[in-house]
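In what follows, a structure is listed as structure tokens, so that the remarks can point back to it.
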Amino acid sequence: MITKHYVITSVQGMHARPATQLVKLAKGFKATTSLKKGDKTVKLNSLLNILSLSIKGGETVSVIIDGEDEVSAAVIIDDFFTKQLKEL
Amino acid sequence: MKGVGVSPGIAIGRAFVIKKNAPATNGIVLKSQAEIAAEIDRFDSSVVNALGEIDAIKNSSQLMLTDDDIAILETQVELINDPQIREDVVAKIETEKKTANDALIEITAGIVALFESMDDEYMRARSSDFQDIGNRILKYINRTGDINARSFQPDTIVIADDLTPSDTITLDLNLVTGFATQAGSRTSHAAIIAKSKGLPAVVACGDELMTINHNDFIILDGLSGLVYVNPGEEIISRYSAKSASFRQQAEVLKEVKDKPAITADGKRVTLFANISSAEDLDMVHDNGGEGVGLFRTEMLFMDRDTFPDEEEQFGFYKKAVLQAKGKPIIIRTIDIGGDKHLSYFNLLPELNPFLGYRAIRISLDQEGLFMVQLKAILRASAFGPVSIMFPMISNVKEIRDAKLVLNKAKTALIEAGIAFSDDVKVGMMIEIPSAAVTADILAKEVDFFSIGTNDLCQYTLAVDRMNEKITHLYDPFNPGVLRLILNVIEQGREHNIHVGMCGEMASDPLATLLLLGMGLAEFSMSAASIPTIKNIMINNTEVRAKQVCRQVMAMDSSDKIIAYLKEITQ
């Protein structure tokens with residue numbers, strides 16, 4: 001299991017557009033991925049659940065990745081939070 | 001009736017009312033496992049059909065979808081397919097023995113209520129997206145026909161409770177001249193689409209809007225938010241004229257967009273825009289803005305729980321600098337206090353907040369926070385032309401102290417080997433009367449002044465601009481205010497520093513010639529006002545502006561001044 005922490009760098013936070021991209025990424029992994037903000041944890045395969053966390057710019061979230069391809073999944077998720085998110 | 005105008009312009013035409021039948025529960029209780037399985041099947045196949053419908057929209061060659069449209073549709077696909085929604089619906093069918101129809105209506109209502117209660121305006125506006133998703137699937141559960149097939153007559157005004165993403169994408173907006181919605185806000189989907197398509201639109205009209213019938217004659221004013229239903233002759237002719245002049249005006253303004261702001265006798269003036277985030281720069285480029293005269297940084301600090309660190313601030317400023325594509329940006333350091341508060345920064349309630357602990361006073365008091373902001377701004381200067389501006393300077397010590405901290409920030413960056421531009425200009429806002437009166441002293445300290453007329457006016461006239469009882473006293477054409485402005489501009493010229501203006505007055509067409517005559521070099525305003533002001537410059541001369549200035553400065557009251565300026569601006 002891999003756990004990573006990210007500060008959301010886009011000013012708008014986790015809006016529908018980046019959240020959609022994230023769900024699409026997560027669906028491509030064999031590993032189970034979840035997103036944690038505060039004491040709430042949700043599965044990354046549900047856009048509804050991600051949006052319901054109402055993640056704003058500047059907030060910190062954790063991603064938990066668990067499964068056989070967790071190492072390669074973590075690299076892709078890392079790229080999403082550190083690079084792609086700013087452009088979406 | 002009146003709503004909120006979200007996209008300016010006048011629309012005149014016939015109403016096309018879109019009434020969505022509110023989904024109703026049927027209250028049926030399932031009696032057997034077979035019925036339960038059938039209802040789950042019904043839900044699943046409805047999801048497949050709803051997805052098929054989106055696919056058809058995505059692949060349609062007629063609709064000419066933009067990248068934004070595609071992104072909206074992809075979000076819808078994920079939501080229709082959402083495993084959490086399915087899990088909840090199936091649980092309701094299995095344990096509460098409800099039909100797929102009732103289960104979905106209840107689950108959707110719960111999600112909509114959840115998002116409506118969020119503290120973030122963007123997330124609240126998403127509640128209508130979830131209603132849209134629910135309705136899309138429901139339509140197939142109940143097999144009511146296709147609600148998307150709509151053809152319009154020319155000059156149609158669409159009247160609806162709200163317009164969802166799927167509505168606006170599938171509506172053929174070419175024949176629509178405007179729309180009005182019962183619900184919605186400035187950030188709702190309907191408002192965003194209207195602005196991007198240049199259609200006049202009014203949202204949040206309330207329940208009264210749905211009393212409009214098909215083919216009612218409608219006039220809609222997207223600026224004031226007024227909606228007239230079957231108006232009389234007089235209103236029709238007034239608005240027809242208004243609409244014609246608006247269109248004509250729009251044409252003229254489009255023409256001046258790419259022209260430089262030069263008077264007929266060759267005086268070049270700089271037209272800048274005021275922005276709050278990188279996103280505003282599209283509008284600046286669209287309206288021919290030559291740069292940013294005021295980048296308010298407060299937005300970065302508001303609606304959050306902690307101070308943004310240097311990295312985050314750097315990212316925010318850098319994004320704007322890159323988005324400006326080489327045009328200069330004047331970044332103002334934080335201006336909190338007064339009417340702007342931060343939940344995580346303990347500002348005690350004050351008797352006179354506008355005369356209290358705010359802006360540069362906080363920055364100089366909290367040097368650590370100030371350093372972080374200055375370092376982040378300096379780092380952004382490596383990516384394009386950046387100037388730094390300090391707000392609320394009232395005496396020479398404050399500006400000297402602010403520059404000392406700026407030098408400390410530069411030293412820290414140099415020691416850390418971090419790049420920044422060696423040509424960052426330093427300026428200050430002139431918004432306190434003492435600063436305006438001592439402009440000759442302060443001019444020796446900075447590279448530029450920017451006159452903030454809103455605060456300058458309120459402080460000079462002792463008028464709280466938030467107090468509705470005394471708004472008539474808030475008057476930028478008061479001779480006292482005008483003399484201060486003139487002094488600042490003249491002292492700037494005397495000491496060879498650049499003088500701009502970033503308050504409301506810079507975008508007031510009545511004040512344009514007067515300020516030009518005073519010798520103001522840079523006007524900074526909301527991007528949408530730039531073409532109007534530029535048009536006035538192009539069609540006038542500096543010689544005339546100087547005459548106007550002489551006349552005005554000899555007058556004894558703002559009534560006379562305003563009457564005179566109205567007369568000559570016609």
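Chains H and V, in that order, are what the protein sequence lines are.
Numbering-wise, the first sequence is residues 1 to 88 according to full-length UniProt numbering.
Numbering-wise, the second sequence is residues 1 to 570 according to full-length UniProt numbering.
Cβ coordinates follow ideal geometry from the N, Cα and C atoms, glycine included.
Predicted, not measured: the structure shown is a model, and the values here were computed from it.
Span of the alpha helix (DSSP H) around residue i
i	result
V/A100	100–116
H/V7	Here H/V7 belongs to no alpha helix (DSSP H); instead the beta strand (DSSP E) covers 2–7.
V/N498	The amino acid at residue 498 of chain V is misidentified as Asn; the sequence shows His. Premise fails: V/H498 lies in the beta strand (DSSP E), 498–501, not in any alpha helix (DSSP H).
V/K375	367–380
H/S52	47–52
V/A545	542–553
H/R17	16–27
V/G52	33–59
V/R86	83–96
V/N135	127–141
Simplified DSSP state of residue i, which is helix, strand or coil
i	result
residue 111 of chain H	As shown, chain H starts at 1 and ends at 88. That puts residue 111 of chain H outside it, with no answer to give.
H/T62	The sequence as given places Ser at residue 62 of chain H; Thr does not occur at that position. Residue state, collapsed to three classes: strand.
V/N148	With a pLDDT of only 46 at V/N148, under 50, the local geometry of the prediction cannot be trusted, and the value read off the model is given with reservation. Of the three classes helix, strand and coil, the one that applies to V/N148 here is coil, per DSSP.
V/E398	helix
V/L300	helix
V/D221	strand
H/L35	strand
V/D69	helix
H/V75	helix
Inter-residue CB distance, residue i and residue j (contact presumed, cutoff 8 Å)
i	j	result
V/T156	V/R14	6 Å
V/S450	V/I330	7 Å
V/I137	V/I80	6 Å
V/G500	V/F345	Not really, about 29 Å apart at Cβ, beyond 8 Å.
H/I64	H/T3	5 Å
V/F246	V/G9	6 Å
Closest residue to residue i among the options (Cα-Cα distance)
i	options	result
V/R238	V/I219, V/G225, V/L514	V/I219
V/P353	V/H341, V/G5, V/D69	V/H341
H/S72	H/L25, H/L51, H/H15	H/L25
V/M1	V/V256, V/V202, V/A528, V/K560	V/V202
V/I536	V/S363, V/V256, V/V481, V/D455	V/V256
V/I432	V/T460, V/D447, V/A412	V/T460
V/L319	V/G134, V/A50, V/A376	Here residue 319 of chain V turns out to be Lys, not Leu, going by the sequence shown. When only C-alpha atoms are compared, the closest one is V/A376.
V/D475	V/G134, V/C457, V/G326, V/I485	V/C457
V/N142	V/A24, V/K254, V/G110	V/A24
V/L374	V/L351, V/E350, V/V405	V/V405
V/I561	V/T471, V/A511, V/M428	V/A511
V/A278	V/V227, V/L173, V/S46, V/T297	V/T297
V/H285	V/S529, V/V29, V/I568, V/V4	V/S529
V/I36	V/A103, V/Q76, V/A521, V/N395	V/A103
CB contact check: residue i to chain V, cutoff 8 Å
i	result
H/K83	no
H/T20	yes
H/V71	no
H/H5	no
H/S34	no
H/K56	yes
H/A16	yes
H/T41	no
H/S52	yes
H/V61	no
H/L48	yes
H/V75	no
8 Å Cβ cutoff, residue i in contact with chain H
i	result
V/Q84	yes
V/G427	no
V/R308	Residue 308 of chain V is actually Pro in this sequence, not Arg. Closer than 8 Å to some Cβ of chain H, the Cβ of V/P308 qualifies, so yes.
V/Y564	no
V/S277	yes
V/L79	yes
V/A71	yes
V/R304	yes
V/E74	yes
Extent of the continuous beta strand (DSSP E) run through residue i
i	result
V/T156	156–160
V/Y474	Where V/Y474 is concerned, there is no enclosing beta strand (DSSP E), given that its DSSP letter is neither H nor E.
V/Y228	226–229
V/E522	522–525
V/T270	270–275
V/M210	No beta strand (DSSP E) contains V/M210, which DSSP labels as neither H nor E.
V/F179	176–181
heavy atom of the ligand NAP below 7 Å from residue i C-beta
i	result
V/D120	The ligand NAP is not part of this structure, which contains no ligands at all.
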